[in-house]
Amino acid sequence: MAENKQVGRGAAIDIRSVSKVYGNFTALDNVSLGIRPGEFMTLLGPSGSGKTTTLNVVAGFTEITGGNLEVGGSSVVGIPAHKRNIGVVFQHYALFPHMTVGRNVAYPLALRKVPSAEREKRVKQALEMVKMSDFAHRYPSELSGGQQQRVALARAIVFDPPLLLMDEPLGALDKKLREWLQLEIKRIHRELGTTFVYVTHDQEEALVLSDRIAVFNRGRIEQVGTGRELYDEPQTLFVARFIGDSTVLRGQANSDGTSTAISIAGETVTMDKRLPGNGAPVLLLRPEKLALRRRGNGQGESGLNRLSGTVTEAIYLGSGSKYEVRLKDGSTAIVRSPLGEQSFDIGEAVEVTFAGADAKLLADDSTADQTLT
Amino acid sequence: MTSSPLVETDPGRVIARPEPAAKRTRKPLGPWLLVMPALVLLVAVLGYPLVSVTMRSFAEPDWGLQNYTWFFGTPVNLIVLQRTFAISAWVTLVCVICAYPYAFVMTAVGPKVRLVLVLCVLVPFWVSGVVRTLSWVILLQDSGVINTMLRGAGLSPVRLIRTQTGVVIGMAQVLLPFMILPLYSVMRGIDLRLVQAARSLGARPSKAFFSVYLPLSLPGVYAGAVIVFILALGFYITPALLGGPRSTMLSTLVQNQVLSLLQWGRGGAMGVVLLVSTFILLALAAPLMRQRYKQAGSR
């Protein structure tokens, strides 16, 4: 299939102020998102956050109640699913059980009245691309979950759609298979140049696959960005908690305009940052920005903030160690220390240290905690 | 035996090897005891009479094939046999046409409406067959409800009672549940997301139905059709009350031979002919059904 395709033939998507309301439940609340041609965009969020609704809206399975939606430069509002020419891969494979693998993949071509010689050739190419050529005469029930999903992928790309939607396609598979298929999907995306929109609730999967990630929460998009942007520069507490581990601290904040001091259970930390907005801020720290040292062990580096606590969990990870430390105010700090550093035992009295520059100040958002399990 | 070893088969697939089955002791008698009451009943009320009737068809009044020679040598018997199959086929067709959309709606509505729909199907079971058929007489007769309404609307009345049409209507109504229930149970198992998938691949709604939903529902159609057809072949009360001499079915002839003429041998021969032709028909339909089940029963 590679010879008659060039990278960059994907469709752009423009989701503009789209809303979807069911009775008095708002599934999508004024969602706007631009996706570039050929981009791998992941919609990430917990269940019920609106990511699958967004996908269904683009696929044409769900009618929007407000806003506009353009695919490839023209509005598709009101156009039924079968006229949109968009490939969709479902979590539950949705292979037709009464057709062989070959007939499943040929189905969209037969609908498009592709001549049978051409049809055979393209089915063969699509099955080669997903490495399922030997299975054309099997029925879906004779395949494993991973094999079925590869066939479903072949069926969704065989008619060369400019846009491919995937709704948690690996959700029903075990971890090892999932990781292998992630790389396969990445390869296929590279080879096709089609725009991919991928829905998942698994942040690791999103980081592995995506060019950019849109984080959904309660029918809204919290932030759109590359994995690195979302990890290093989260705009909201929800994003910070959803992507990667983080330590979240709350306390009494005082700001003089350029720097901020926060008092947490009697200990004060300072940083040269301004308060976000008016409300009480939260202090966010990624695990690798934190370090541990024994308490009462002289004065370490100057200029570091210190919080005292007790080690409650010590996990050896091979590439390093991960510690959970209970601080004086009862909150838990997550610390990752690289290989070769001093090790600590559970119950040990320690100090957690960090540089003020590594801390993030974000507006507090109590829903961020509730949404996570 | 405490842990099941993991076997690496191909990259990305780890399969737990099944543990060897626990040591077999004596074969338990439990299952046999549980099926015994039903088996005894079947042998007593089905097996014994069946054998007896078959024997009599060869043995009465004398040993030999005389009853079969008589059956196939009497044109009226062959006409009635053929008519029995024709009426049963019509009834099956009417049942499929009425039951298919009904069963589909049952899968699509909420639990409360579904309960009402199921009750509507089952109510006929709670009314005795004679009462039900007599109410059809009231509806269908020349001065009955239907024709009164037709005349009231300025249309010419239709002759329904003592015609094959009347018999087919009455029988289809009685047999409809036997079509709806198997259809419903198959349709309930069809994943409607498959239809959505077909739509995303470019299928119009009607195309998605005919290429995906209909083939997947065919096992239910076949199951219901076989039950309805076989039950229809042996129908007695409805054709006797709603039909006329031109819609006599084989059971009526059997009854006539056995009860009126005391020709047990001839009655038996008719029964055997009906049974054997049913088996032949089933054998012809079997490969078709087996294939459909293999494909669609795999989800």
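Taken in sequence, the protein lines are chains A and B.
Each residue of the first sequence is one higher than the last, beginning at 2 in the numbering used here.
Each residue of the second sequence is one higher than the last, beginning at 22 in the numbering used here.
Virtual Cβ for every residue (Gly too), placed ideally from N, Cα, C.
Around the Cβ of residue i, are there at least 16 other Cβ atoms within 10 angstroms (buried) or fewer (exposed)?
i	result
residue 43(B)	Confidence at residue 43(B) is low in this model, with a pLDDT of 49, below 50, so the placement of that residue is unreliable and no value is reported for it.
residue 373(A)	Per-residue confidence for residue 373(A) stands at a pLDDT of 48, beneath the threshold of 50, marking its modelled position as unreliable; the derived number appears in the next sentence. With fewer than 16 Cβ atoms within 10 Å of its Cβ, residue 373(A) is classed as exposed.
residue 296(A)	exposed
residue 270(B)	buried
residue 366(A)	buried
residue 99(A)	buried
residue 390(B)	Any answer about residue 390(B) is impossible in this case: the structure gives chain B only from 22 up to 320.
residue 184(A)	exposed
residue 259(B)	buried
residue 253(A)	exposed
residue 286(A)	buried
residue 361(A)	buried
residue 16(A)	buried
residue 141(A)	buried
residue 6(A)	Low confidence applies here, because residue 6(A) scores a pLDDT of 40, under 50, leaving its location unreliable and the question unanswered by this model.
So the candidates are the options; which of them puts its Cα closest to the Cα of residue i?
i	options	result
residue 300(B)	106(B), 137(B) and 227(B)	106(B)
residue 27(A)	190(A), 67(A), 257(A) and 353(A)	67(A)
residue 93(A)	215(B), 83(B), 85(B) and 124(B)	215(B)
residue 267(B)	289(B), 166(B) and 184(B)	184(B)
residue 375(A)	344(A), 12(A), 150(A) and 48(A)	Outside the displayed span of chain A (2 to 374) sits residue 375(A), for which this structure offers no information.
residue 285(B)	228(B), 75(B), 51(B) and 195(B)	75(B)
residue 217(A)	87(A), 240(A), 57(A) and 275(A)	240(A)
residue 305(B)	243(B), 136(B), 237(B) and 83(B)	243(B)
residue 167(A)	90(A), 179(A) and 157(A)	90(A)
residue 165(A)	149(A), 175(A), 304(A) and 194(A)	194(A)
residue 52(A)	256(A), 102(A), 20(A) and 344(A)	20(A)
residue 275(A)	22(A), 215(A), 358(A) and 131(A)	358(A)
residue 353(A)	308(A), 338(A) and 330(A)	308(A)
residue 356(A)	306(A), 348(A) and 310(A)	306(A)
residue 119(B)	240(B), 181(B) and 195(B)	195(B)
residue 161(A)	148(B), 83(B), 222(B) and 175(B)	222(B)
residue 204(B)	123(B), 174(B) and 95(B)	123(B)
residue 269(A)	255(A), 281(A) and 282(A)	255(A)
residue 33(A)	290(A), 69(A), 280(A) and 261(A)	69(A)
residue 278(B)	72(B), 92(B) and 218(B)	92(B)
residue 283(A)	321(A), 311(A), 332(A) and 316(A)	332(A)
Quick one: give me the first and last residue of the beta strand (DSSP E) that residue i is part of.
i	result
residue 15(A)	14–23
residue 31(A)	26–36
residue 168(A)	164–168
residue 308(A)	305–317
residue 205(A)	Note, residue 205(A): premise wrong, no beta strand (DSSP E); alpha helix (DSSP H) at 204–210.
residue 334(A)	333–339
residue 322(A)	321–328
residue 189(B)	Counting along the chain, residue 189(B) falls outside any beta strand (DSSP E), though it belongs to the alpha helix (DSSP H) covering 185–209.
Provide the residue span of the alpha helix (DSSP H) that contains residue i, from first to last.
i	result
residue 238(A)	238–243
residue 123(B)	96–129
residue 224(A)	Note, residue 224(A): premise wrong, no alpha helix (DSSP H); beta strand (DSSP E) at 221–226.
residue 214(B)	213–221
residue 77(B)	69–80
residue 119(A)	117–130
residue 168(B)	166–173
residue 287(A)	No alpha helix (DSSP H) contains residue 287(A), which DSSP labels as neither H nor E.
What in chain B is Cβ-close to residue i, meaning under 7 Å?
i	result
residue 239(A)	Here the premise fails: no neighbours, minimum Cβ distance about 30 Å.
At the 8 Å Cβ level, is residue i part of the contact set with chain C, yes or no?
i	result
residue 215(B)	In the structure shown, chain C does not exist; the protein chains are A and B.
For a contact defined as C-beta to C-beta under 9 Å, what are the partners of residue i on chain B?
i	result
residue 97(A)	215, 218, 219, 232, 233, 236 and 237
residue 160(A)	222 and 223
Residues of chain B with a CB under 8 Å from the CB of residue i: which are they?
i	result
residue 93(A)	212 and 214
residue 156(A)	222
#### Entry: Residues of the segment 236–261 of chain B whose Cβ lies closer than 8 Å to any Cβ of chain A, in chain order
236 and 237
Within 8 Å of chain B by C-beta, residues of the segment 101–130 of chain A in sequence order
108, 109, 112 and 113
Using a Cβ-Cβ cut-off of less than 8 Å, give me the residues of the segment 218–230 of chain B that come near chain A, in sequence order. 218, 219, 220, 221, 222, 223, 224, 225, 226, 228 and 229
Original post:
Any residues in the segment 63–89 of chain A with a beta carbon nearer than 9 Å to a beta carbon of chain B? Which ones, in chain order?
Top reply: 81, 82, 83, 84, 85, 86, 87, 88 and 89
**Asked** Using a beta-carbon distance cut-off of less than 7 Å, what residues from the segment 47–63 of chain A approach chain B?
**Response** 60 and 62
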